[in-house]
Amino acid sequence: MPTRTPMPRALEPACGPHHTPARRAIDRAVARQTLGDLTDAYQWAVYARTLAHRATPPAEQLDAAALLAPLAAVNGHADQAVTAYRDLADLATAHLGAGHERTLYARAGLAQARHRVGCCDQAIRDLADVYTTAAHRHGPDAPVSLNTLTELACLYRDCGWPDVAHRCLAAATTIANRYLPSGDPLRARITDTAGTPASSNHRAVCTQARWS
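Residue numbers for the sequence shown follow my numbering, beginning at 4 and rising by one.
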(Lines of atoms letter the chains of each structure in order from A; the text may use other names.)
(Lines give C-alpha, C1' and ligand atoms only; values in the text may rest on other atoms or scores of the structure.)
Protein backbone atom coordinates (compact mmCIF):
# COMPACT_ATOMS: atom_id res chain seq x y z
CA MET A 4 0.00 0.00 0.00
CA PRO A 5 1.27 3.55 -0.59
CA THR A 6 3.34 5.19 2.09
CA ARG A 7 1.37 7.78 4.01
CA THR A 8 4.22 10.10 4.76
CA PRO A 9 4.71 12.80 2.09
CA MET A 10 7.88 12.85 0.07
CA PRO A 11 10.36 15.27 1.68
CA ARG A 12 10.00 17.77 -1.15
CA ALA A 13 8.92 17.94 -4.75
CA LEU A 14 11.66 16.96 -7.15
CA GLU A 15 12.44 19.66 -9.67
CA PRO A 16 12.82 18.61 -13.31
CA ALA A 17 16.22 19.31 -14.79
CA CYS A 18 16.81 20.37 -18.36
CA GLY A 19 19.80 21.30 -20.45
CA PRO A 20 22.74 19.53 -22.06
CA HIS A 21 25.01 19.32 -19.02
CA HIS A 22 22.89 17.31 -16.63
CA THR A 23 24.20 13.99 -15.46
CA PRO A 24 22.81 10.57 -16.40
CA ALA A 25 21.54 10.27 -12.82
CA ARG A 26 19.56 13.51 -13.11
CA ARG A 27 18.11 12.45 -16.45
CA ALA A 28 17.03 9.12 -14.94
CA ILE A 29 15.46 10.96 -11.99
CA ASP A 30 13.52 13.16 -14.40
CA ARG A 31 12.32 10.11 -16.35
CA ALA A 32 11.16 8.43 -13.13
CA VAL A 33 9.31 11.58 -12.03
CA ALA A 34 7.63 11.81 -15.44
CA ARG A 35 6.46 8.20 -15.29
CA GLN A 36 5.21 8.69 -11.73
CA THR A 37 3.27 11.77 -12.80
CA LEU A 38 1.59 9.72 -15.51
CA GLY A 39 0.62 7.07 -12.97
CA ASP A 40 2.95 4.36 -14.31
CA LEU A 41 4.37 3.41 -10.92
CA THR A 42 6.04 0.21 -12.09
CA ASP A 43 8.04 1.98 -14.79
CA ALA A 44 8.71 4.87 -12.41
CA TYR A 45 10.10 2.41 -9.87
CA GLN A 46 12.41 0.83 -12.45
CA TRP A 47 13.73 4.24 -13.47
CA ALA A 48 14.16 5.16 -9.80
CA VAL A 49 16.27 2.05 -9.20
CA TYR A 50 18.40 2.98 -12.19
CA ALA A 51 18.69 6.59 -11.01
CA ARG A 52 19.80 5.53 -7.54
CA THR A 53 22.41 3.20 -9.04
CA LEU A 54 23.80 6.04 -11.14
CA ALA A 55 23.63 8.47 -8.22
CA HIS A 56 25.98 6.28 -6.18
CA ARG A 57 28.78 7.10 -8.60
CA ALA A 58 30.23 10.33 -7.22
CA THR A 59 27.27 12.49 -8.17
CA PRO A 60 26.46 15.70 -6.26
CA PRO A 61 24.72 15.22 -2.88
CA ALA A 62 21.54 16.86 -4.20
CA GLU A 63 21.22 14.18 -6.89
CA GLN A 64 21.89 11.39 -4.42
CA LEU A 65 19.19 12.78 -2.14
CA ASP A 66 16.67 13.22 -4.95
CA ALA A 67 17.29 9.70 -6.27
CA ALA A 68 16.95 8.17 -2.81
CA ALA A 69 13.84 10.24 -2.04
CA LEU A 70 12.27 8.96 -5.25
CA LEU A 71 13.18 5.30 -4.83
CA ALA A 72 12.08 4.79 -1.21
CA PRO A 73 8.32 5.49 -1.57
CA LEU A 74 8.19 3.87 -5.01
CA ALA A 75 9.68 0.69 -3.58
CA ALA A 76 6.97 0.75 -0.90
CA VAL A 77 4.08 1.40 -3.27
CA ASN A 78 5.26 -1.36 -5.61
CA GLY A 79 5.27 -3.89 -2.78
CA HIS A 80 9.03 -4.19 -2.26
CA ALA A 81 8.79 -3.89 1.52
CA ASP A 82 12.31 -5.01 2.43
CA GLN A 83 13.86 -2.82 -0.24
CA ALA A 84 11.81 0.11 1.05
CA VAL A 85 13.42 -0.30 4.48
CA THR A 86 16.87 -0.25 2.91
CA ALA A 87 16.01 2.70 0.66
CA TYR A 88 14.56 4.79 3.49
CA ARG A 89 17.59 4.01 5.68
CA ASP A 90 19.82 5.14 2.82
CA LEU A 91 17.76 8.31 2.43
CA ALA A 92 17.82 9.07 6.16
CA ASP A 93 21.59 8.61 6.30
CA LEU A 94 22.14 10.85 3.28
CA ALA A 95 19.82 13.55 4.59
CA THR A 96 21.43 13.49 8.03
CA ALA A 97 24.92 13.75 6.53
CA HIS A 98 24.18 16.54 4.07
CA LEU A 99 21.33 18.48 5.69
CA GLY A 100 21.59 17.81 9.41
CA ALA A 101 19.58 15.78 11.90
CA GLY A 102 16.93 18.44 12.45
CA HIS A 103 16.19 19.31 8.82
CA GLU A 104 12.63 18.64 7.67
CA ARG A 105 13.78 16.36 4.86
CA THR A 106 15.78 14.31 7.35
CA LEU A 107 12.81 14.02 9.69
CA TYR A 108 10.48 12.98 6.86
CA ALA A 109 13.04 10.40 5.76
CA ARG A 110 13.27 8.98 9.27
CA ALA A 111 9.48 8.91 9.49
CA GLY A 112 9.37 7.01 6.22
CA LEU A 113 11.91 4.53 7.57
CA ALA A 114 9.76 3.95 10.65
CA GLN A 115 6.72 3.30 8.45
CA ALA A 116 8.71 0.90 6.28
CA ARG A 117 9.84 -1.01 9.35
CA HIS A 118 6.26 -1.12 10.57
CA ARG A 119 5.16 -2.70 7.30
CA VAL A 120 7.63 -5.58 7.72
CA GLY A 121 6.66 -6.21 11.34
CA CYS A 122 9.41 -4.35 13.22
CA CYS A 123 6.63 -2.63 15.12
CA ASP A 124 8.27 -1.84 18.45
CA GLN A 125 11.28 -0.24 16.79
CA ALA A 126 9.06 1.60 14.32
CA ILE A 127 6.94 3.12 17.08
CA ARG A 128 10.00 4.12 19.12
CA ASP A 129 11.69 5.67 16.12
CA LEU A 130 8.62 7.59 14.99
CA ALA A 131 8.01 8.88 18.51
CA ASP A 132 11.60 10.15 18.54
CA VAL A 133 11.07 11.83 15.17
CA TYR A 134 8.00 13.59 16.54
CA THR A 135 9.86 14.76 19.65
CA THR A 136 12.68 16.16 17.50
CA ALA A 137 10.30 17.77 15.01
CA ALA A 138 8.20 19.44 17.70
CA HIS A 139 11.32 20.73 19.46
CA ARG A 140 13.06 22.02 16.33
CA HIS A 141 10.11 23.23 14.26
CA GLY A 142 7.24 23.60 16.74
CA PRO A 143 4.25 21.31 17.38
CA ASP A 144 2.20 23.08 14.70
CA ALA A 145 4.74 22.55 11.92
CA PRO A 146 3.58 20.23 9.12
CA VAL A 147 6.41 17.79 9.80
CA SER A 148 5.36 17.57 13.46
CA LEU A 149 1.64 17.15 12.79
CA ASN A 150 2.21 14.64 9.99
CA THR A 151 4.49 12.59 12.22
CA LEU A 152 2.09 12.66 15.16
CA THR A 153 -0.77 11.58 12.89
CA GLU A 154 1.31 8.76 11.46
CA LEU A 155 2.31 7.68 14.97
CA ALA A 156 -1.39 7.35 15.74
CA CYS A 157 -1.76 5.12 12.67
CA LEU A 158 1.04 2.85 13.85
CA TYR A 159 -0.48 2.53 17.32
CA ARG A 160 -3.92 1.90 15.82
CA ASP A 161 -2.69 -0.79 13.42
CA CYS A 162 -0.81 -2.53 16.24
CA GLY A 163 -3.90 -2.75 18.44
CA TRP A 164 -3.35 0.23 20.78
CA PRO A 165 -6.55 2.21 20.08
CA ASP A 166 -6.40 4.25 23.30
CA VAL A 167 -2.89 5.52 22.58
CA ALA A 168 -3.82 6.16 18.95
CA HIS A 169 -6.84 8.18 20.11
CA ARG A 170 -4.67 10.32 22.40
CA CYS A 171 -2.23 11.05 19.57
CA LEU A 172 -5.05 12.01 17.22
CA ALA A 173 -6.75 14.12 19.88
CA ALA A 174 -3.51 16.05 20.41
CA ALA A 175 -3.02 16.46 16.64
CA THR A 176 -6.62 17.64 16.23
CA THR A 177 -6.27 20.21 19.02
CA ILE A 178 -3.06 21.61 17.55
CA ALA A 179 -4.43 21.65 14.00
CA ASN A 180 -7.66 23.37 15.02
CA ARG A 181 -5.73 25.99 16.94
CA TYR A 182 -3.08 26.84 14.36
CA LEU A 183 -4.31 25.76 10.92
CA PRO A 184 -7.07 27.46 8.92
CA SER A 185 -10.32 25.71 8.16
CA GLY A 186 -10.01 23.72 4.96
CA ASP A 187 -6.28 23.13 5.38
CA PRO A 188 -5.38 19.75 3.81
CA LEU A 189 -3.50 18.66 6.92
CA ARG A 190 -6.52 19.31 9.12
CA ALA A 191 -8.59 17.24 6.71
CA ARG A 192 -6.05 14.44 6.80
CA ILE A 193 -6.14 14.30 10.59
CA THR A 194 -9.95 14.18 10.54
CA ASP A 195 -9.93 11.43 7.92
CA THR A 196 -7.38 9.42 9.89
CA ALA A 197 -9.55 9.58 13.00
CA GLY A 198 -12.35 7.88 11.07
CA THR A 199 -10.18 5.20 9.46
CA PRO A 200 -10.13 1.71 10.99
CA ALA A 201 -6.98 -0.26 11.70
CA SER A 202 -5.40 -2.04 8.75
CA SER A 203 -6.41 -5.69 8.75
CA ASN A 204 -3.47 -6.47 6.46
CA HIS A 205 -1.00 -5.48 9.16
CA ARG A 206 -2.03 -8.32 11.46
CA ALA A 207 -0.12 -10.84 9.37
CA VAL A 208 3.22 -9.21 10.24
CA CYS A 209 2.49 -7.33 13.49
CA THR A 210 4.69 -8.19 16.47
CA GLN A 211 2.56 -6.30 19.00
CA ALA A 212 -0.65 -8.36 18.77
CA ARG A 213 -2.81 -6.36 21.16
CA TRP A 214 -6.17 -6.61 19.40
CA SER A 215 -9.22 -7.33 21.48
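A virtual CB, placed ideally from N, CA and C, is assigned to each residue, including glycine.
Start-to-end residues for the alpha helix (DSSP H) that takes in residue i
i	result
L38	Note, L38: premise wrong, no alpha helix (DSSP H); not H, not E.
L183	Premise fails: L183 is in no alpha helix (DSSP H) and is neither H nor E.
R190	188 to 197
R89	81 to 99
V77	61 to 77
Spatial neighbours of residue i in its chain, beta-carbon cut-off 6 Å, leaving aside the 5 residues before and after
i	result
A32	A44, W47, A48, A51, L70
Y182	D144
L99	R105, T106
R190	A179, L183
A87	L71, A72, A75
P165	none
L14	Only weak support is given to the placement of L14: the predicted model assigns it a pLDDT of 45, under 50, and the question is left unresolved by the model.
D93	none
Cutoff 7 Å; reference residue i; Cβ partners in own chain excluding five residues on either side
i	result
T8	With a pLDDT of 42 at T8, under the threshold of 50, the modelled position of that residue is not reliable, and the figure given next carries that caveat. So the qualifying residues of the chain are Y108, A111, G112, Q115, N150, E154.
P146	L189
L54	P24, A25, A28
G142	S148
T199	none
Distance CB(residue i)-CB(residue j) smaller than 8 Å
i	j	result
L172	A197	yes
A84	A72	yes
G121	T210	yes
E63	R89	no
A201	R170	no
R140	G102	yes
R119	A81	yes
Nearest-angstrom Cβ-Cβ length linking residue i and residue j, presumed shorter than 8 Å
i	j	result
L152	A175	5 Å
A68	L91	4 Å
Close beta carbons around residue i, own chain, < 8 Å, minus the five adjacent residues each side
i	result
N78	L41, T42, Y45
Y134	S148, T151, L152, L155
T136	A101, G102, L107
H205	H118, R119, D161, C162
Test: residue i CB closer than 8 Å to a CB of chain C
i	result
L130	In the structure shown, chain C cannot be found, because there is only a single protein chain.
Practice task
Run through the segment 116 to 180 for me and flag every whole alpha helix (DSSP H) of 4 or more residues, listed as ranges in chain order.
Solution key: Fully enclosed alpha helix (DSSP H) runs of 4 or longer: 123 to 141, 146 to 161.
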